[in-house]
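Q: As you go down the protein sequences, you meet chains P and R in turn.
For the first sequence, the numbering used here gives the first residue as 49, with consecutive numbering after it.
For the second sequence, the numbering used here gives the first residue as 30, with consecutive numbering after it.
For every residue, glycine included, the Cβ atom is placed at its ideal position computed from N, Cα and C.
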Amino acid sequence: MTDVAIDPISLEILWGRLVSIVDESAGALQRTSFSTTVRESNDFACVLLGPDGTTLAENTVGVPSFAGVMSLVMRRVLERYPPNTWKPGDVGLTNDPWINTGHLPDTTIITPIFHRDKLVAFSGNTAHKADIGGGGYAADATEIYVEGLRIPICKLYDAGRLNELLVEIIRNNVRVSESVLGDLHAQVAAGHVCSLRVKGFLDEQGITELNTIGRAIQTRAEAAMRQAIARLPDGVYTSVVRSDGFDAPTDIHTKITVKGDGLTLDFAGTSPQIRRGINSVYNYTYAFTCYTLKCLLDPQTRKNEGSYKPFRIIVPEGSILNARFPAPVTARSMTGHFVSSAVLLALADALPERVIADSGSCPGLRVALRGINAHGGNFAQVLFPNGGMGARSHADGLSATGFPTNAGGGSVEIMESVSPLVFWERELKQDSGGAGKFRGGLGQHIVIEAVGDSALDASTMFDRVDFPPMGVHGGLPGGRSRLRLNGTGPVPSKGQFRMHKGDRLTVDYAGGGGYGKPAQRDRELVREDLRAGRISAAAARDLYKLKGIPAAEKSTGKRATKKPGASAAARKANAAPKARATVARPASGRRAADAGNLKRTARTGAPGKAGRS
Amino acid sequence: MSRFRVGVDIGGTFTDFVLVDEKEKRIHLGKRLTTHDNYLDAVMQGFDELVAAAGITAMDVEGVVHGTTLVTNTVIERKGARTALITTEGARDVIEIGTELRYDIYDLGMVRVTPLVPRHLRLEIRGRLGYDGRELRALDLERMPKLVAMMRREGITAVAVSMLHSYVNPKHEIAVGRALKRLFPEAEVTLSSALVPEIREFERTSTAIVNAYVQPMVSKYLREMERQLAERRVNGPLYLMLSGGGLGSVDEAVAAPVQIIESGPAGGAIAACFYGRNAGVHDMISFDMGGTTAKMCLINGGSPTRTHNFEAARVHRFKKGSGIPLRVPVIDMIEIGAGGGSLARVDAMGLLKVGPESSGSAPGPACYGLGGERPTVTDADVALGYLDPGFFLGGSMRLDRAAAERAIKTHIAGPLGISVTEAAAGIQEIVNENMATATRLYVAEAGRDIRRYAMLAFGGAGPVHAYRLAQILGLKKLICPYAAGTASALGFLVAPLTVEQVRSYVAPLEKLDWKRLQKLYTDMETSAIASLQALGVARHEIDFTRTVDMRFSGQGYEVEAPVVAGHLDATRTNDIRDAFLEVYKQLFERAPEGLPIEGLSWRLRATGRRPELTLDFRGDSVDPGKAKKGMRKVYFHHERAFIDAPVYDRYKLAPGGVLQGPAVFEERESTVVVGPGSRIEIDSSLNLVISLP
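1. Please state the DSSP three-state secondary structure of residue 700 of chain R.
2. Using 8 Å as the limit for Cβ to Cβ distance, is residue 485 of chain P near chain R?
3. Whole-angstrom Cβ separation of residue 273 of chain P and residue 355 of chain P, contact assumed at under 8 Å?
4. Where DSSP assigns a beta bridge to residue 36 of chain R, which residues make up the other side?
5. For the beta strand (DSSP E) that contains residue 573 of chain R, what are its first and last residues?
6. For residue 457 of chain R, which residues in chain P fall below 7 Å Cβ to Cβ?
7. Identify whether residue 303 of chain P lies in helix, strand or coil by the three-state DSSP scheme.
8. Taking the alpha-carbon of residue 181 of chain P as reference, which of P:195, P:317, P:340 has the nearest alpha-carbon?
9. Within the same chain, show all residues whose beta-carbon is closer than 6 Å to that of residue 74 of chain P, passing over the 5 residues directly before and after it, in chain order.
10. For residue 724 of chain R versus residue 509 of chain R, is the C-beta spacing smaller than 8 Å?
11. From the DSSP output, which residues share a beta bridge with residue 163 of chain P?
12. Please confirm if residue 472 of chain P has its CB atom under 8 Å from at least one CB of chain R.
13. Residues of chain P with CB under 7 Å from residue 134 of chain R, in chain order?
14. Tell me which residue opens and which closes the beta strand (DSSP E) that residue 312 of chain P is part of.
15. If you draw a straight line from the alpha carbon of residue 131 of chain R to that of residue 575 of chain R, how long is it in whole angstroms?
16. Near residue 192 of chain P, what residues of its chain come up, given a Cβ to Cβ distance below 6 Å and the 5 sequence neighbours on each side ignored?
17. Looking at C-beta atoms only, is the number of pairs between the segment 54 to 71 of chain R and the segment 212 to 232 of chain R that lie closer than 8 Å three or more?
18. Do we get a CB-CB distance below 8 Å when we pair residue 159 of chain P with the residues of chain R?
19. Output, in sequence order along the chain, the residues in the segment 220 to 235 of chain R whose CB is closer than 9 Å to any CB in chain P.
20. Could you give the uninterrupted runs of the beta strand (DSSP E) lying entirely in the segment 131 to 207 of chain R, keeping only those of 3 residues or more?
21. Would you list the residues sitting across from residue 176 of chain P in a DSSP beta bridge?
22. Any beta carbon from chain P within less than 8 Å of residue 721 of chain R's own beta carbon?
23. Would you say residue 428 of chain P and residue 436 of chain P are within 8 Å of each other, going by their C-beta atoms?
24. Quick check for students: name the residue ranges of the beta strand (DSSP E) that lie wholly in the segment 497 to 547 of chain R, counting only runs of 3 or more.
25. Out of R:712, R:64, R:276, R:471, which has the shortest C-alpha to C-alpha gap to residue 518 of chain R?
26. Assuming residue 676 of chain R and residue 696 of chain R make a contact with CB atoms under 8 Å, what is their CB distance in whole Å?
27. Applying the criterion that 16 or more other CB atoms from any shown protein chain within 10 Å of the CB defines a buried residue, is residue 729 of chain R buried or exposed?
28. Measuring CB to CB, does residue 665 of chain R end up less than 8 Å from residue 722 of chain R?
29. Enumerate in chain order the residues of its own chain whose CB-to-CB distance from residue 453 of chain R is below 6 Å, with the five nearest sequence positions on each side excluded.
30. Considering only residues of the segment 413 to 448 of chain P, which uninterrupted alpha helix (DSSP H) runs meet the minimum length of 4 residues and lie entirely inside it, listed in chain order?
31. Tell me whether residue 404 of chain P sits in a helix, a strand or coil according to DSSP, three-state version.
32. Give the secondary structure of residue 235 of chain R by DSSP, where H, G and I count as helix, E and B as strand, and everything else as coil.
33. What residues from chain P crowd round residue 193 of chain R, counting only those whose CB sits closer than 9 Å?
34. Check for me: the alpha helix (DSSP H) holding residue 117 of chain P runs from which residue to which?
35. Report back the beta-carbon spacing between residue 230 of chain P and residue 624 of chain R to the nearest angstrom; my notes put them in contact at under 8 Å.
36. By DSSP's criteria, residue 57 of chain R is part of a beta bridge. Which residues make up the other side?
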């Protein structure tokens with residue numbers, strides 16, 4: 049069978065079959081996992097690869113952070129164990145952040161697939177573990193050694209024999225060992241399912257190898273992406289995105305050069321790596337770059353690594369997007385997710401219809417809590433609520449929606465049932481959506497009380513506290529994030545603290561940026577937002593220039609939004625859009641000089657950093 | 030046993046009628062166009078016609094069973110009551126925040142379903158319960174008069190009440206309900222704790238809101254239907270087909286209309302079980318393919334798989350997560366964007382894609398000649414000889430074969446540089462593969478081996494595609510029932526009266542308060558017995574099925590496992606654990622050891638006796654020699670060639686006949702196409718029972 053021998057109809061059928069095999073394996077993994085990130089945030093991926101490590105099929109609902117990474121992992125795995133060294137019954141394992149997906153909780157399982165004694169493929173899957181030892185899920189480690197157990201590429205099973213020493217080492221180094229080992233077994237089982245189905249597929253189709261299909265898929269995916277790139281005007285597109293960073297802000301410099309059907313993306317000038325756990329590694333940076341470009345350029349075709357071949361992605365070594373060992377990396381998303389903002393803002397002028405404004409849910413803002421639950425057992429709960437997504441060229445941004453990741457906040461009733469917490473408030477935050485012709489999605493406002501007798505350990509991984517998500521094409525920035533303990537006390541946005549019985553943590557999640565000028569917003573939509581309490585009267589009057597709202601009026605529009613339980617401080621905080629309006633600038637453009645706007649943002653917008661641990 | 034009973038199913042296009050004469054073992058069928066302005070017009074006209082055609086009067090009818098798309102359509106078209114929500118302070122955005130997930134991660138323009146209750150009509154009341162039902166903050170009803178005044182101003186006629194942790198302790202909701210009854214008596218009120226006492230506030234609140242939203246309309250409609258039947262002096266009760274596959278009374282449907290949201294498809298699945306029983310097949314995949322979608326339902330041991338998750342009014346019909354989630358007993362089915370009207374196209378990668386976009390009924394497939402220019406599955410069916418252009422819908426509509434081939438040539442064959450036949454075969458093959466892929470995943474997720482199932486096909490396009498689909502899936506037996514055009518309505522007449530109940534009690538198995546659990550079941554059973562007895566079911570006829578949603582502590586995914594019958598106490602711990610582990614292993618091949626297990630929602634399903642129905646079609650038949658209408662060339666994928674196949678008139682086949690494939694069987698609403706090497710038996714119920722080579 050040669051490439052040309054696979055006609056488009058057969059290829060569609062064969063590829064569809066391979067994807068369904070991987071989906072079946074992914075379903076098994078997801079449903080048997082214990083880690084919340086796997087179950088509810090789809091923070092896992094299953095991939096079928098050829099014997100040379102090129103991808104054949106990926107599961108349909110995999111998470112962006114793993115897009116295209118598996119073949120990079122596989123390349124390293126094959127360096128360690130070349131194809132001819134694999135035996136039936138072998139299972140490979142690693143969680144090395146530099147080989148794998150960028151932090152220790154992600155473990156990758158590799159299963160060789162043999163058909164008639166010949167190595168025909170590999171099944172690879174990656175899933176997030178509930179714990180990996182060390183300092184836990186936190187942003188403040190100073191080196192990788194603090195962050196937990198690092199497992200080099202090794203064999204978990206050797207010709208069907210379990211590596212019991214390795215299992216015992218894991219058991220002795222992680223906090224919730226049953227669940228971690230249970231998940232590892234779920235990954236092995238998912239690999240097994242994939243292997244069985246691939247063999248069945250080969251028998252049924254009467255073929256003996258998958259390389260030909262793999263090449264045909266990659267060729268077509270690449271061609272489709274090249275066509276999409278060719279439709280972009282040639283040129284150089286840049287952006288500078290600033291995030292809170294740890295002790296000092298992080299800048300991500302992006303330069304996209306489009307020439308013909310090729311695209312080069314260079315992160316030169318980006319801030320250097322730091323001695324705190326918000327460093328990203330190359331693989332993670334690569335994944336979010338590819339994901340965002342795919343969303344913008346060719347969202348319709350089925351995903352495959354071939355789509356990313358026309359991209360040349362340059363990430364300076366030693367930068368915070370390509371940190372060198374032994375940098376700490378646990379909270380890599382605090383930096384890595386911003387790659388997506390960087391790509392969107394750089395292409396804002398090139399693709400005005402398709403880009404969205406910056407998102408408050410980028411990066412994913414997390415609070416991790418652990419302690420003792422009502423039944424006397426250990427609990428560990430990561431809170432996954434999201435900020436708002438950026439506005440679109442034709443519609444408001446989605447409120448409380450993860451982007452670029454896809455995690456969900458889950459049920460308050462379930463969380464209260466399994467952990468000693470009470471969620472007194474969880475609602476959309478007024479005025480947090482950046483004003484614009486289309487408004488940014490609203491962030492959330494959450495108030496949690498610790499109600500257990502023993503204190504909780506809390507760890508925060510937050511950003512957007514100093515720098516809000518930016519608007520595009522005249523849209524204003526979204527509202528900032530904010531963390532407070534007991535109403536007033538500031539909380540470190542990337543640090544750890546204790547919560548004692550009766551302590552209340554208030555968390556505001558940033559809103560998305562707006563799209564287009566607020567004064568151009570449909571008046572009926574402004575009135576509707578006002579009536580629903582999504583915006584305050586002050587915002588309607590001052591930002592949207594809605595007529596008929598008296599300057600002194602403070603309570604109109606609050607009829608429906610005022611809650612007896614909301615603190616005076618919270619209401620006051622809600623009434624801040626006017627201040628934000630002065631810092632609003634479209635932060636994209638071809639000229640890097642636009643970065644000047646960001647400096648202004650920094651001057652006017654940064655609150656004190658007291659309380660950072 | 031009643032002699033004459035009538036089933037009526039309102040579908041999107043047609044309202045179907047079945048009248049069963051239990052004495053003569055015959056059925057009479059009827060069909061009218063659905064009257065969307067007033068559904069009852071078609072219902073009552075069709076009823077009168079059918080009764081007259083059967084030569085009886087309405088007074089002879091001893092029972093009517095009804096299913097309707099009214100609930101679904103009301104939600105999709107947003108034509109329900111102006112509804113408000115009363116909820117816990119700090120929780121009014123539960124339905125807008127939802128799961129926070131994107132159902133399509135590559136679509137930056139993704140749109141979410143708009144909540145049925147706008148934000149300013151989601152009203153908060155102070156008062157809070159903890160996860161264990163203890164009061165953390167007392168209920169404060171002081172604002173109620175103000176809220177009621179506001180609701181009156183806004184023209185509210187229905188109110189949903191859903192407060193946090195009401196599934197474990199309903200007292201706050203009950204108090205709010207009482208206050209509403211006093212202050213706002215004209216509004217219809219749904220309490221989430223009475224409707225669906227299950228943990229997870231988003232799903233519970235959404236369910237309560239949909240219920241409240243459709244209640245005034247459903248109530249008016251059903252009471253009117255009751256009245257009109259009474260006016261005709263129909264001699265028996267009106268029952269409703271519930272989405273879970275059982276029958277309920279009008280009172281029950283009026284109290285909880287959300288329960289009838291999927292009545293039509295449920296009837297289809299129950300009918301499939303009935304046909305399967307007639308053919309002696311109990312493990313099967315029912316396959317119903319129409320103009321826009323294909324539906325599959327897994328049937329084990331003669332019963333359809335059930336679930337409690339359903340999504341209404343999806344923004345994208347085939348994208349999970351794009352609709353309003355409901356917690357309601359439903360028959361578990363998958364719906365695939367594959368139907369006769371599914372459009373074929375070449376995508377940016379140069380690959381052939383079919384569906385989920387559909388041409389609908391207007392303009393429809395190119396061969397309809399109604400202005401449709403893009404090729405569809407039906408066009409491919411015509412080009413490949415599966416459908417006779419002169420005998421579509423029994424000859425009542427002529428199809429244009431040349432137009433079908435032209436569309437395929439322009440949009441597929443030309444761009445791909447292949448022949449029209451290759452392109453048409455490609456369209457069929459891809460739509461069949463899409464269905465096969467979804468079916469495989471569906472069966473795999475249930476932990477079952479697909480090869481041991483038979484397939485049962487119905488719907489307009491089902492029998493056309495079933496043979497090849499069964500072949501792709503490696504199935505050995507295919508059944509095409511006789512007169513399956515009104516399957517759902519027939520299903521209504523073979524479903525048992527059913528009451529389903531649920532209570533949430535979240536606790537680890539080792540730490541269960543057994544007295545509390547026993548009391549939950551005693552309460553549910555007492556209430557179910559009372560409901561069924563009120564409908565005339567004798568106590569000894571009632572069957573109970575207990576199940577529980579369980580998981581390993583810390584897992585987010587529950588598995589529904591059986592709960593032993595009889596008294597529940599600590600000695601049952603192992604029984605419950607073993608039952609859970611067995612189901613878990615069935616689904617996932619293995620279960621982790623030594624981990625604690627917890628229960629969440631405890632369920633009871635109480636059913637009355639299933640009506641037995643035997644049908645006898647023999648009177649209609651003549652011998653197979655005369656059934657043969659002629660020959661035509663049909664393209665078969667396995668052989669990759671057009672092959673001459675005899676064409677039979679389905680209505681002239683006699684029971685006991687045996688034929689060999691290839692063969693084509695034509696009936697009014699569909700065509701059965703069977704490939705070479707297969708064996709076809711016509712059984713005593715006139716089913717075509719096909720053994721694949």
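A: To lay it out plainly:
1. Looking at residue 700 of chain R - three-state DSSP - the assignment turns out to be strand.
2. At least 8 Å separates the CB of residue 485 of chain P from every CB of chain R.
3. The pair is a contact, with the Cβ atoms about 5 Å apart (cut-off 8 Å).
4. In the DSSP output, where bridge partners are listed per residue, residue 36 of chain R has R:47, R:94.
5. 572 to 581 is the span of the beta strand (DSSP E), which, as asked, contains residue 573 of chain R.
6. Around residue 457 of chain R, no beta-carbon contact reaches into chain P at under 7 Å, the shortest distance being about 10 Å.
7. DSSP places residue 303 of chain P in strand when its eight states are reduced to three.
8. Between residue 181 of chain P and the set P:195, P:317, P:340, the nearest pair of CA atoms involves P:195.
9. Answer for residue 74 of chain P: 94, 107, listed in chain order.
10. Missing from the structure shown is residue 724 of chain R; chain R here goes from 30 to 722 and no further.
11. Per DSSP, P:166.
12. Cβ-Cβ to chain R under 8 Å: yes for residue 472 of chain P.
13. One finds 112, 454 in chain P with Cβ atoms closer than 7 Å to the Cβ of residue 134 of chain R, taken in chain order.
14. Under the DSSP assignment, residue 312 of chain P falls in the beta strand (DSSP E) whose first and last residues are 310 to 314.
15. Taking the CA atoms as reference points, residue 131 of chain R sits about 35 Å from residue 575 of chain R.
16. Excluding residues up to 5 positions away in sequence, 374, 376 lie with their Cβ nearer than 6 Å to the Cβ of residue 192 of chain P in the same chain.
17. The segment 54 to 71 of chain R, when compared against the segment 212 to 232 of chain R, does not touch it at the 8 Å Cβ threshold.
18. Among the CB atoms of chain R, none fall inside 8 Å of the CB of residue 159 of chain P.
19. Listed by position along the chain: 228, 229, 230, 231, 232, 233.
20. Considered as a whole, the segment 131 to 207 of chain R harbours 151 to 158, 164 to 169, 187 to 191 as its complete beta strand (DSSP E) runs of no fewer than 3 residues, in chain order.
21. Looking at the DSSP output, residue 176 of chain P shares a beta bridge with P:154.
22. Output row for residue 721 of chain R: interface = no.
23. Cβ distance not < 8 Å, so residue 428 of chain P and residue 436 of chain P don't count as in contact.
24. Entirely contained in the segment 497 to 547 of chain R, the beta strand (DSSP E) runs reaching 3 residues are, in chain order, 506 to 509, 527 to 537.
25. For residue 518 of chain R, the nearest C-alpha among the options comes from R:276.
26. Going by Cβ atoms, the distance from residue 676 of chain R to residue 696 of chain R rounds to 12 Å, so no, they are not a contact pair.
27. Here chain R has residues from 30 to 722 only, and residue 729 of chain R is not among them.
28. With a cutoff of 8 Å on beta-carbon distance, residue 665 of chain R and residue 722 of chain R are scored as not near each other.
29. Correct list, in chain order: 409, 412, 413, 437.
30. Here no run is fully enclosed.
31. Note: residue 404 of chain P maps to coil in three-state DSSP.
32. The three-state reading of DSSP puts residue 235 of chain R in helix, counting H, G and I together.
33. 460, 461, 464, 471, listed in chain order.
34. Taken as a continuous stretch (DSSP letters only), the alpha helix (DSSP H) holding residue 117 of chain P covers 117 to 128.
35. Between the beta-carbon of residue 230 of chain P and that of residue 624 of chain R there is about 7 Å, and that keeps the pair under the 8 Å contact cut.
36. Beta-bridge pairing links residue 57 of chain R to R:48.
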